[in-house]
Structures are given as structure tokens and as C-alpha cells.
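Per the working numbering, residue 597 is the first one in the sequence shown, and the count goes up by one each step.
Just so you know, even glycine gets a beta-carbon here, dropped at the ideal spot from N, CA and C.
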Amino acid sequence: MLGTMTSTASTVYNTASQLAELAILGHRPIVDDGKHDRHAKAMQVMDNLERQWKVGLPLPSLSAMDAIFDAFSHADTIGLDDRKMLLEEILTVLSRLPKGSWLGQQLENNVIALFYKDLPHPPATWLGRPPLLPSYLSMSPTPSTTSPFNSIFLNKQNSISGNPIGPVTGTNGTNGSSQVAADSEGAPYPPPDVFAGKPYAHRMPDGANNNPLFPDLGRAGMPYARSVAPTRPVPLSSLPDAGVLFDVLLRRDKFTEHPSGINSLFFAFANIIIHSLFRTSRTQHTINDTSSYLDLSPLYGNNEEQQDKIRIKDGRGLMKNDCFADERLLLMPEASAALLVLFCRNHNYVAEHILQINEQGKFHEPTEEWTANNPTAMNEQDDEIFNKARLVNCGYFMQVILGDYIGTITRTMADGSDWCLDPLQTIRTAKHDLVPRGEGNVVSVEFNLLYRWHATLSKEDEEWLTNDVFGRIYPGKAPDTITPMEFGRNLRGMMSKFSKDPSEWEWGSLKRQPDGKFSDDDLSRVLRQATSTVAGAFRARGTPAVMRVVEIFAIEQARKWGVCSLNEFRKFLGLKPYQSFEEWNPDPAIHIPAMRLYGDIEHLELYVGLQAEEAKSPRSGAGLCPGYTISRAILADAICLVRGDRFLTTDFTPFNLSSWGYQDCARTLDNGSRGGQLSKLLMRTLPNNYNDRSIYAHFPMMIPSVMREHLTRQGVADQYDFEMRSTYKVVKVVDTAEGVRNALKDWRTFRSSYGDSMKEITNGYGTYLAWDDTLKHRRDRLLIRDALFTSVQIDRYARFFFDTTRELIRQKSYSLVHSDVRSVDIVRDVVNLVPVHWASTQVAGISLKTPTTPRGANTEMEVYQMCAVMFEFMFLNTRPHAGWKLREQSKQFSQRLLTQITAHLDHITHGSISIAKARDTLVHWLVGQDDHAHDFLKNLVKMNTNATAEELAYTVLGTMVASVPNYGQAAAHVINFYLDEARKAEKEHICRLALRVDDESDKLLTGYVLEALRLDPQSPGVFRDVTADAEINMGKSRPKLKVRRGECLLVSLAKANVDKDVFGENPREIDINREQKIICYSVTVQQLSLGTSLSKRPCLKSCVRSSASKTSVALPATPDTSKGSSYCAVA
């Protein structure tokens, strides 16, 4: 009795919830483009509450009160006490505040402004002669008040060197566009005539011209900056011996795992960041031989000579296979170089797409003939594509830094939040002043020392360095006995042995294949091992002994640079200086020897002080857990490096990157990685080694065991795959008509690969769309066919398609001028929506919001997009990085549609008095829906009394998924096919036929439709999994195709449809009188059969007839249907 009451109460509650949502959706206004946010405000509140439940309340802890009081009391005096964890409290609150909230935005803006202002822009001093300012600056008697360089611009002479300011110099005149845009937030751009013809839209090979007013700022080959001027007089002779310092304070006594579970891959990526920014000259130690920007210089090189070595220069903007420019990475753990290889592959992927899309229509396919006749144009094209691809690739690099890298540092990803600091945004202060962007960067010696994180080397990497690097350079010699002089001499000799051609480099266990690439399996093995390997903890006595000589070099180099002390650096950052060694590190084993070596805490050197400082403990807002000073400094530096780079801020635009490239490198928050971008890079470049559920892809910077604990606590661990598995399959192509027929009819040997996807969105049931079992498929297919396509209904549907097409053309067309000619987007606004109306009103009973039913719950565009997403997830999900989003959206959309379909079926299957019947009646009243779909649903129920309402609902949903996108795509392909200028005669003939109503015109129009779909099918091919060794008969002119179990077949419908054995010597010739039985299009996959039926039956012909009869003969040139748009004029 109690169970019955509970079930009834649950049914009433669910019914009330569904009715409430339908009422809310129904009261949304009708909009012209048919697009709405998913939820009304009430539903958005519910979404925010659900998110809040997952990430926690945005409230500071009780201990934060003390930190806040300390900040108000001491921020402007002795400095913040960073042991009170105020920064971590702020980051935690920011990650938990509702998205888009005013408080969150204001707090984030202030945090970014604070971090950016931590470092001077430009630097106050340099280790050597600073970069020169352009002479034209002296022409303006009143410098811009918005520029931060006013104090420099006022003097015609360089205040340090005393020399006149020299003119701007630049090289590589073909390095991109000369487009220059002013930016009031950063340095004002020079007058147009000053930089006329100079390239400023793309990065220079050496990093020059990032700030056009200060072109040498941050350029490779310029001196390091000095952030803090030392003021404590400490003679070098009074400082402890560098070797003694290492042995006493830094040398690893035991391996300690990283407390947050951060892995080796995180530090492999950090290694790329570090080597992008720092490369001290071997001859002049004050000079930085790389740029001061996050420009992937280890991949692209630091000058034009290095860059030329990694480029192909064939007009496509490509890099050589799997190469990079920085040889230093060859002597480091393999994962860093492996990551650079992925960025190389991503560059080539992007370059190929930029050329293929050809957004501005100015690129040429670089054939041998064209390149031979146009060498200058070829070089210019190669430069432009290469540099655009580099900008996009650097955009990826930036997004990995902001999403994965900083998300791991702050532990927001592990805590379930997709929030990250956004230093790229435009920010105005309360006084309406702009916080500067894109002013340029110069890295300093202090940060050069700060980023030496050798204590985090894993046990595996320590062993590799000991045996494979130092063991090869110094055979038989213990690494901790090597002197700095020996190290420098032997290292130079080792580096000189590397090939001059980076495309020939090999390292570690990675060997090149005949095509010059590395094996995907080898690369993924290195990267997944790095993901599985826990890094070492930041701590005193944590640096491996093998790094002794390197650490001695660092300590002595810091002394030669004359860097500040640890306390001076802390004061510079606004932190409270340490009063004692015990406060610096409470461990007596550390602070007592340090006190005896240095005597006074004010004498504690920066490098030793940073490396041996007490480390943080993991908590919300603190995942990296380095020393307190490093923790504060790296966030400020990361913000400055990104915000100060013009190409990552003010010039990070669709114009410079291309519209496709700009969107391609954007963060996707609902990707299963909580906004991480490294997962996309891994799955794109190694698609057979990382699937769309892989924990190794989604959270590659945390060891899987620790990430599993976080995900289990959040209740989502079951959504991820924790196994290291490869999805690689040998793909073989079936491309003849006979081969296609034989492959598709043998469903036992060649099984559908779509079944699992369909079951994921139908609660494990699936539909006939995904079944290979002929009997089961045939039963359900016939069930739908008999209930849907009776002889009477076929004619009614044909008329419905004809009338709906005409009505949509009438509704959606518009006039831009005073003329009788009107325009319409025939694909987006007509043919995509016709099957939506049919499937919604005639089949599934989905409520549509239209001018005649304004209270409908779903707009036409919403239903189309829902069906299109589910169709793509089931049949076209070939990109692993998109799989997660497609699956989650498909689950959401399927439940939304199933709710309404099930309500109708419950109404039909239940008695005259029931909650289900009352609910369906109320739904009809709320949304103003008609009962046309009930005719079909009643027939469906009547023909299969053994099926449950749930099973029938999934079958109806499958019908929608098969018909809506498939029909819309088919109609778009037919229309697009005949809009081609080469088919002008056929187009005019179709328009004339459309005005006739007789059997002959019907037959001819059907011929035109079938020929268009044969030559341009909406589905060019399908995949099949091979379950047993077999041979496929490919036809009389081809040998049999041998396939083995576990391989994959690509069944090419497009190739089969132009098979000469079937269609003669001119298979691409249009023949509208061709026998339909030989058209290979009719042998398309069973799973698309209902969509195909709609496409072949009078429905599509009626749509074409209606469109053509309303369309003038003077249609425009071929449209781009891939973007969902085809404009035509209608009378």
C-alpha cells in the first residue's frame, strides 16, 4: 500500500514538474531566428543551484576572517602574511560564485589587476643595455596620457645609454599582413606612415614588434630585466659555498610524492613554458636568447634561421613532420618533447584547414604548376598560412595554460569547477580607467631562478636522467661528482652531435618511422606514462643528486647577476618579509643549518630561499603546493605573460586567426575536462589512443588514482574510462557498387558501429536505427513503415510537405529593397524545418512554437538542432574531442523529446480516466497543440500490443532522429547541386517542371532528385566493424578485398554511386531517365532507411517542386551549405 502511494506521489510530482517546465517554455516569446536559451530564468536558477551543490558554497572559511583583517591592516605597510592563505580563499570563492555574477566579475577584475600590477610594465632596469625606443616618439610634444610609457617618451635620449633613440628595425617582410589596429588599453600604435608596409598582424620569428612602439621589448637577444634592485650589501666572499648549500639544504634525502597527485606531465608542460621564456646566452649571461612571450618558441625557434629549418615552404604553411626547433628538450624527460610533437601536428592540422576553408578566397591550391609559375605568391601564401596557424596554435597553448595548467595549480578542476581566471578580458576600474593589455613583456632574472623546479622530478625521471643522460655523457662517473667546468664542456660536445635538421632528431625510446613521423602508440605511451607517474613534492632536500651540478650553476649564476635576497623579493610582491629562519621553514633540519650558513635572514639568497622554503599543503585554491613565495609569484607572472602579449589579447581576433581558427582554439566548458584544452589536443593528434571518456585525456595533469577519488566524491566517476586502452583499427575502404551491396547485406560479419551510441541516449534500449539483427530490424522497421506510410498517408504527407514548404517560404522570406523580389535562406529556414514540422506534428506530437501555436514549448530551430546533435552523435561521431559534448547533449535532448512522446503514448495506452490521460490533455491545453500525431501513434500501439510505452517512445524518437536531419540534408544537397552554374540548364528545367502537375513532370522531378543524391549523397559513407575474417566480392573488375577480424570498413557510398561498371563510362553525367533499380543510392544503410524513404518518396519531390515553383530562374551562384545557408530569390 505504501509502495503504491509512493509511486503515485512520484508520478504526480514528475507530472507537475514537466507541466511547469512546459508552461515556462511555452510563455517564451517567438523570436525571428527561432533560437532561445535552453531555460527560462526559473530554470536557470535551478541550474545554478545544481552547480552550487557540486562545487560548494561561495563562502570564505572562518579562518579567512583573520586573513582579511591582516590584509586591511598590513597590505600597505609591512605586507600581506601569505601564511594566512588569503589568496587561496579568494580563488576558492571565485571558483564557486555563479557564472556571470556581478560580484564574481568585480572580484575577478580586481584580482587580475592586482596580479598584473605586481610587475612593472616596462621593467625598471635591465641587466644590460635596454631596448631602444623609436625616434618618431620625439615628434609628439604631448604623449598620450593613456600610455604607461609616458615617463620614457618624454626624453629624446635614452636615459640609460645616453644614445639617441634609434629607428625601428624589422626583418622578414613577407611575415604576414601589414594590418595595424589602435588599442587604447595598451601602448598607442604609431602613425600609419611610420610602419607603412611592415608586418604587425603576425608574430615575428624573434618576438620583435609585440609592442609596436617598443619593438625590441621582449625580443630574443635582448638583456634580461631586473624586477628588484638589491639594496643589502652582502660581499660574495661571505656567502656559503654553492656545493655545500646544495648538499645541506637542497639534495634529495628521500622521494616524497606530490601531495596533490600532480604528475610528471604537468611539469613536462611547465618545461615547455619555461623554455619558451628563458634561454640564457652561452657567451653573454645577461642576454636572453629567446623571446619573453608565450609564443611556443621551443617549437618554432627564436629567429628566422631556426624557423626555416622546421618549415616545408610549399605554399601550405606546414611544418616538417613531428619536429621542433629547441634542441635543449632532447636532453630532458621524453614527455616534454612528445608534447611539442603534438603541437607540431596541431599546427599542420590548423594550416590545412585554413587553406581548405580559404575564408577570404585568396589562397590557391599549391599545385606544381602554380608554384612553378608563381614563386613569390607561393612564398607569401606559405608565410601567411604558417603565421595564422602559429597564432591559432599559440592560442591553444594559452588555453592549456589558463585551463589545465592554472586549473591544476589552483585545484579548481579537481574540485569540480570549470572556472579559471580570464586575464584576456577588457577591464575598467571604478574610475573608468582601462587596465592595460598587450603592452609587451620582458622576463626577469628573478623569475628565471624561480622556475627551476627540479625537486618535482619523479623517481622515474630521476633514474632516466642518471642513466640515459649523465650516464652517456659521463660514463662510469657519479653525477654528483661532476664539476661545473666538466659539465659545460661535455654538454656542448653532446649538443653538437645532434643533426642540423630537426626533422631527423630522435630521443629517448622514440624512433621515427619511414614517413618521418613517430608512432602514435609510442607517443601515447610516453604521455600516458607521464600521466600515471606522480611527481615529486616541492620541498627542501627534494632535488635529486643528479642535478647537483645544475643547481650549483644556478646558485653561482644568481650571484653573478646580483639578484636580490628572498626578503627583498617578498617585499616587492607585497608580502610580509620573514623575521627568522624558523618562520621561513619551521623544520629544524632545514632552518638551523641555513641560519648557521647565512647568519641573518636578510642575507638568505633568493634561489636557495625559494627552493628550500616551507611548501604549502593542498587545499581548495592550492593544488601546486610549492613554497609560499613561489606560489604568489607564479600566478602574477602567468597573468602578466598572457595579458601583456598583444597577440593573446588586443590582436587575438578572428581577422588575424581566421574565423575558424579563432573558434577552434576557444575553450569549451562542457567538454568533460571542465574547460581544459589539452584533452582536445591529445584526442585530435592521437585519436586512436585517447577516447572521449579517457581520464588520461580529460585530466592529463593529475594521476588517475587521485583524480578518481575527486570524481567519486563528486558522483561522476562512472562517466570516465580509467583504463589505458587504444582504439586503433585498420581501416579498409569498400568503394565499388558490388562491394557496398555485399558489405551492407552481411550484417553478421560487418556489424554496425552505431549501436552503442544509440543505446547511450535511449537508456540501453536502442532502436532499429542501431540494430544489425535483420529480423529485429525488419520487425521494427516494418512496424514504423506500416503505421506511417500507408497509401493514404503517403499522398497526405506529400501534400503536407508541399504546403509546409510554401508556407515557410512565405513566412521566412524578406525584401531588402523596394522590389517584388524576396530573399530566403532556403536551407536554414525552409528545407531544414519542413521535416521538423512533419515529425513533430504528424509523428511524435512535439509541441512547436509557431505563429499559429505561440504557446508551443519548442521552436522549430530547437527541434532541428536537437535531432541534428543526436544524429551526429550516433552516425558522425568521428572526432574524439567532440564526443563528450555530443553525448551529454544527446542525452539531454533525448529526454526532453521522450518526455513529450511518452506523454502521448501514455494517453493512448491508458484507460479513459488516468493521470497520464489528464496530463496529456493538460499539455495540449497549455501549449495549444493539435492531435494529428495521435493517428500515427494509435496505429503504432495497435500494431504492437506487446511493446511497452517506453519501447515505442524510443522507436518514435529513432524515427525523428533518422528523418529530420537526413531529409533536411538530402533536400539541401539536391538544391545545392542544381544551383551550381554548370547545371544552369537542369535548374531551369526543374523550375519549369515545378509549374506542371502531371505524371510526366513527377517522374522527371523524381529523376532529378535521385541523380542529385547519387552524385552528391547526404551520407558519403558509413563504417562497419569486422567481426570475422572474410573476403568481399568487389565486382568483376576488382580483386576480392581481404579483411580481418578487428578491422574497420569504410563503406563509400559516394564512390559506389559513380562505379563505371554500373553507371557506364560517364557516371557523373546526369540521366534523369536512368533505371532507379540500379542506383546505388537505393542500397544505402538500413539504419537510415526511413530518412531515405522520405528522401526518395514524393515528400522530397514535393519539397523541391514547391521550392522551385516559388523560386525565380535567376538564382545566385552556388551557396555554402556546409554553413547551413543557401540564399535564393523568390517571386
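C-beta neighbour in chain D for I1151, strict 9 angstroms:
No chain D appears in the structure shown, which is made up of a single protein chain.
Go ahead and pull the three-state DSSP assignment for A819.
Within the sequence shown, residue 819 is the residue found at index 223, counting from 1. The displayed chain sequence assigns Pro, not Ala, to residue 819. Strand.
Helix, strand or coil for V1618? Go by DSSP, reduced to three states.
Along the sequence shown, read from residue 1 onward, the residue named residue 1618 stands at position 1022. Three-state result, V1618: strand.
Report, in whole angstroms, the separation of the C-beta atoms of N1163 and I1197, which I expect to be a contact under 8 angstroms.
Within the sequence shown, the letter at position 567 stands for residue 1163. Within the sequence shown, the letter at position 601 stands for residue 1197. Contact flag correct, Cβ pair sits at about 7 angstroms.
Could you give the distance in angstroms between the alpha-carbon of A1074 and the alpha-carbon of R1144?
Numbered from its first residue, the sequence shown carries residue 1074 at position 478. Numbered from its first residue, the sequence shown carries residue 1144 at position 548. Approximately 11 angstroms, taken between the alpha carbons.
Cα-Cα separation between H1109 and Q1565, rounded to whole angstroms
Start at 1 with the first residue of the sequence shown, and residue 1109 comes out as number 513. Start at 1 with the first residue of the sequence shown, and residue 1565 comes out as number 969. The question names His, but residue 1109 is Gln in the sequence shown. Rounded to whole angstroms, Q1109 to Q1565 spans 41 angstroms at the Cα level.
Identify, in the order they occur along the chain, each residue of the same chain with its Cβ nearer than 8 angstroms to the Cβ of V1700, setting aside the five sequence neighbours on each side.
Working through the sequence shown from its first residue, we reach residue 1700 at position 1104. Cβ neighbours of V1700 within its own chain (closer than 8 angstroms, five residues either side excluded): A1567, V1570, I1571, I1586, A1590, L1601, Y1604 and V1605.
Which residues DSSP lists as bridging W1103, in chain order
Along the sequence shown, one-based indexing puts residue 1103 at 507. Beta-bridge pairing links W1103 to L1106.
Which residues does DSSP list as the beta-bridge partners of N1454?
Here the question's residue 1454 lines up with position 858 in the sequence shown. Answer is L1444, bridged to N1454.
Got a sec, what are the start and stop residues for the beta strand (DSSP E) V1647 sits in?
Position 1051 of the sequence shown holds residue 1647. Segment C1644 to S1648, the beta strand (DSSP E) holding V1647.
For T1327, does the three-state DSSP call read helix, strand or coil?
Numbered from 1 along the sequence shown, position 731 holds the residue referred to as residue 1327. The question names Thr, but residue 1327 in the sequence shown is Val. Here V1327 sits in strand by DSSP.
In angstroms with no decimal places, state the Cα-to-Cα distance between I869 and K1096.
Counted from its first residue, the sequence shown places residue 869 at position 273. Counted from its first residue, the sequence shown places residue 1096 at position 500. Taking the straight line joining both Cα atoms gives about 24 angstroms.
Boundaries of the beta strand (DSSP E) in which V1420 is found, first to last residue
On the sequence shown, position 824 is the one that residue 1420 refers to. For V1420, the enclosing beta strand (DSSP E) starts and ends at R1418 to D1421.
For L693 and R634, the rounded distance between their alpha carbons:
Working through the sequence shown from its first residue, we reach residue 634 at position 38. Working through the sequence shown from its first residue, we reach residue 693 at position 97. No answer about R634 holds up, because its pLDDT of 49 lies below 50 and its placement is not dependable.
First and last residue of the beta strand (DSSP E) that includes A1626?
Working through the sequence shown from its first residue, we reach residue 1626 at position 1030. A1626 -> beta strand (DSSP E) spans A1626 to I1628.
Using only CA atoms, which one of L892, A968 and F920 lies nearest to G911?
Working through the sequence shown from its first residue, we reach residue 911 at position 315. Cα-wise, what sits closest to G911 is A968.
With 16 other Cβ atoms within 10 Å as the buried cut-off, status of I761
Numbered from 1 along the sequence shown, position 165 holds the residue referred to as residue 761. Note on I761: pLDDT 32, under 50, position unreliable in the model; no value is reported.
Taking the alpha-carbon of V824 as reference, which of F1043, I1291 and Q995 has the nearest alpha-carbon?
Translated into the one-based positions of the sequence shown, residue 824 becomes position 228. Closest option to V824, Cα to Cα, is F1043.
On the three-state DSSP scale, how would you describe F1732?
Here the chain covers residues 597 to 1727 and nothing more, so residue 1732 does not appear.
Below 9 angstroms between beta carbons: does that hold for A1208 and L845?
Here residue 1208 corresponds to residue number 612 of the sequence shown, with the count starting at 1. Here residue 845 corresponds to residue number 249 of the sequence shown, with the count starting at 1. Yes, Cβ-Cβ distance for A1208 and L845 is below 9 angstroms.
In chain order, what residues of the same chain lie with their CB nearer than 7 angstroms to the CB of L892, ignoring the 5 residues before and after it?
Along the sequence shown, read from residue 1 onward, the residue named residue 892 stands at position 296. Excluding residues within five positions, the ones whose Cβ falls inside 7 angstroms are S872, F939, N989, C990 and F993.
Backbone secondary structure at M1091 - three-state DSSP:
The residue you call residue 1091 lines up with position 495 of the sequence shown. It is helical.
How is M572 classed by DSSP in three states: helix, strand or coil?
Within the shown structure, residues of the chain are numbered from 597 to 1727, placing residue 572 beyond reach of any answer.
Beta-carbon proximity check, G1034 vs R1242, cutoff 9 angstroms:
Position 438 of the sequence shown, counted from the first residue, corresponds to residue 1034. Position 646 of the sequence shown, counted from the first residue, corresponds to residue 1242. Contact: yes.
According to DSSP, T876 sits in a beta bridge with which residue or residues?
Here residue 876 refers to the residue found at position 280 when the sequence shown is read from its first residue. The secondary-structure analysis by DSSP pairs T876 across a beta bridge with N884.
P1250 classed as buried or exposed, judged by whether at least 16 other C-beta atoms fall within 10 angstroms
Mapped onto the sequence shown, residue 1250 falls at position 654. Burial call: exposed.
Cβ-based burial, N1542 [other Cβ within 10 Å; buried from 16]
In the sequence shown, the residue the question calls residue 1542 occupies position 946. Flag for N1542 reads exposed.
Under three-state DSSP, which class holds L715?
Residue numbering aside, residue 715 sits at position 119 when the sequence shown is read from its first letter. DSSP places L715 outside both helix and strand once states are collapsed to three, so it counts as coil.
Over what stretch of residues does the beta strand (DSSP E) that includes R1347 continue unbroken?
As a working note, residue 1347 is residue 751 in the sequence shown. Membership of R1347 in the beta strand (DSSP E) is indicated by the continuous run F1346 to S1348.
What separation, rounded to the nearest whole angstrom, lies between the Cα atoms of F865 and L935?
For the purposes of this step, residue 865 is identified with residue 269 of the sequence shown, where counting begins at 1. For the purposes of this step, residue 935 is identified with residue 339 of the sequence shown, where counting begins at 1. C-alpha separation (whole angstroms): 7 angstroms.
Just grab the DSSP bridge partners of F1114 for me.
Taking the first residue of the sequence shown as position 1, residue 1114 is located at position 518. DSSP lists R1108 as partners of F1114.
Given a threshold of 16 other Cβ atoms within 10 Å of its Cβ, counted over all protein chains shown, does Q977 qualify as buried or as exposed?
Indexing the sequence shown from 1 puts residue 977 at position 381. With 16 or more other Cβ atoms from the protein chains shown falling within 10 Å of its own Cβ, Q977 counts as buried.
Residues sharing a beta bridge with L1030, DSSP:
Mapped onto the sequence shown, residue 1030 falls at position 434. Note: L1030 sits in a beta bridge opposite R1024.
Does DSSP put L892 in a helix, in a strand, or in coil?
Your numbering for residue 892 matches position 296 in the sequence shown. Assignment of L892 by DSSP, reduced to helix, strand and coil, places it in the coil class.
Of all the options K1638, D672, L658 and E1147, which has the alpha carbon lying nearest to the alpha carbon of V1326?
One-based indexing of the sequence shown puts residue 1326 at position 730. The candidate whose alpha carbon is nearest that of V1326 is K1638.
In angstroms with no decimal places, state the Cα-to-Cα distance between L699 and N706.
Here the question's residue 699 lines up with position 103 in the sequence shown. Here the question's residue 706 lines up with position 110 in the sequence shown. So the alpha carbons of these two residues sit roughly 11 angstroms apart.
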